[in-house]
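Chemist:
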Ligand code: AHM
Ligand code: MG
């Protein structure tokens, strides 16, 4: 769980249902000789911010938190009151931790760069699925943590954040659904923790999540069908078993069962969580309005891709592995296709005729 200064491999205890998030994080630190405890402390600060955000999400209709602030963010989107609140909480808690050299958020025009040599980078979408806030539909928080490459030698800069997702140290998301679920990976599997609201503690509820090899659901905003490329349209026709639809160009040993079921919440965290647990595919492809895709690479696609790979799934642009993309900008967008290995591979076969 914690970064290590030593190369000596140490056995990690198997995660046990009922362990608290704090205990889980601490056990990871003890399994990493030479660990300083900073990473553990940073994750505990993130968990604190999440619990603060959760209390407000749970009572959003009572706290004058519905609706918009009147501001527009760098993405040109109207900022909701809950977006702004979640952003402030994360910024304040991370600032107080003293561990962050660089912080990037969907709701910040530019990354916040510390004056210190602090060694971590935290990138987050404070409140994902904002369009669902006012209707009490599942929303979430997504984050990634990276370690600066030369924390002692250089001062933090944006370059510390513009690194491929395969260098992520920890990633997670929180789904504020019927219960509050925190899915976390520090590179040793993906584990889900459920909040017990009566005592404000996360308990391990699903250790070592494995995304099924194949699922039965597809999750995409089909309203944009007319804006997609002919290849993505061909894939959508196939998953719906439209008359005359072509099968993936490379035949699978075990035939797919089409039609798939359709599921689309419109909150990445909710759609991804269902896909992670039950399998299937989530896609937000490029379209004529979002030519580079809509979802943000650094704080939406990358953390999700890290978690899906940790759970044995795949995450691609439709062609290339998400975690290999070298970012050039904080708010860079990307097409995103993630889910079960077989289902993502079938999508890819439509797009470029080759297996993933
Ligand atoms: P947000 O971070 O502003 O909420 O936007 C991201 C959301 C994702 O949660 C979701 O997958 C997608 O945008 C929904 O977009 P659309 O309404 O175009 O389907
Ligand atoms: Mg989002």
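Numbering (the numbering used here), first residue to last: 598 to 953. We treat Cβ as the ideally placed atom computed from N, Cα and C, and that holds for glycine. As the structure is a computational prediction, the values presented were derived from the model and not from experiment.
Grab the span of the alpha helix (DSSP H) containing residue 819 for me, first residue to last.
Modeler: No alpha helix (DSSP H) holds residue 819; DSSP gives it neither H nor E.
Chemist: Which residues in the same chain as residue 613 place their Cβ atom closer than 8 Å to its Cβ, once the five residues preceding and following it in sequence are excluded?
Modeler: So the qualifying residues of the chain are 801, 804.
Chemist: Does the structure place the region 720-739 close enough to the region 859-874 that three or more beta carbon pairs sit under 8 Å?
Modeler: Result yes; three or more Cβ-Cβ pairs closer than 8 Å.
Chemist: Out of curiosity, what's the CA-to-CA distance linking residue 638 and residue 859?
Modeler: Going from the Cα of residue 638 to the Cα of residue 859 covers about 41 Å.
Chemist: Classify residue 749 as buried or exposed, calling it buried when 16 or more other Cβ atoms lie within 10 Å of its own Cβ.
Modeler: Exposed.
Chemist: Over what stretch of residues does the beta strand (DSSP E) that includes residue 723 continue unbroken?
Modeler: That run of the beta strand (DSSP E) goes 717-725.
Chemist: Nearest to residue 871 by alpha carbon, out of 784, 720, 694, 937?
Modeler: Nearest C-alpha to residue 871: 937.
Chemist: Go ahead and pull the three-state DSSP assignment for residue 788.
Modeler: Residue 788: strand per DSSP, three-state reduction.
Chemist: Does the Cβ of residue 703 lie closer than 8 Å to at least one heavy atom of the ligand AHM?
Modeler: At least one heavy atom of the ligand AHM is nearer than 8 Å to the Cβ of residue 703, so yes.
Chemist: Can you check whether the CB of residue 676 is closer than 9 Å to the CB of residue 685?
Modeler: No, the Cβ-Cβ distance between residue 685 and residue 676 is not below 9 Å.
Chemist: Can you list, in chain order, the residues of its chain with a C-beta nearer than 8 Å to that of residue 920? Leave out the 5 residues immediately preceding and following it.
Modeler: Only 761, 762, 763, 765, 899, 902, 903, 906, 912 meet the Cβ criterion.
Chemist: Whose C-beta lies closer than 7 Å to the C-beta of residue 836 among residues of the same chain, with five residues either side of it excluded?
Modeler: The residues are 815, 855, 856, 857.
Chemist: Quick one: residues in its chain with C-beta nearer than 7 Å to the C-beta of residue 651, no 5 flanking neighbours on either side, listed in chain order?
Modeler: Answer for residue 651: 773, 777, 792, listed in chain order.
Chemist: Just to confirm, are residue 807 and residue 851 a CB contact at a threshold of 9 Å?
Modeler: Going by C-beta atoms, residue 807 is not nearer than 9 Å to residue 851.
Chemist: Can you find a heavy atom of the ligand AHM that lies under 8 Å from the Cβ of residue 877?
Modeler: Flag unset: Cβ of residue 877 not near the ligand AHM.
Chemist: Roughly how many whole angstroms lie between the Cα atoms of residue 633 and residue 927?
Modeler: If I take the Cα positions, the gap works out to 29 Å.
Chemist: Do residue 915 and residue 880 have their C-beta atoms within less than 9 Å of each other?
Modeler: Closer than 9 Å, so yes.
Chemist: Hey, out of 703, 704, 705, 642, whose CA is closest to residue 693's CA?
Modeler: Among 703, 704, 705, 642, the Cα nearest to that of residue 693 belongs to 642.
Chemist: Quick check: what's the CA-CA separation for residue 743 versus residue 946?
Modeler: For residue 743 and residue 946, the distance between alpha carbons rounds to 32 Å.
Chemist: So what's residue 905 in DSSP terms, helix, strand or just coil?
Modeler: Here residue 905 sits in helix by DSSP.
Chemist: Out of 821, 771, 840, which has the shortest C-alpha to C-alpha gap to residue 645?
Modeler: Checked all of 821, 771, 840; the closest Cα to residue 645 is 771.
Chemist: Thinking C-alpha only, which one of 695, 704, 689 is nearest residue 672?
Modeler: Of 695, 704, 689, the residue nearest in Cα terms is 704.
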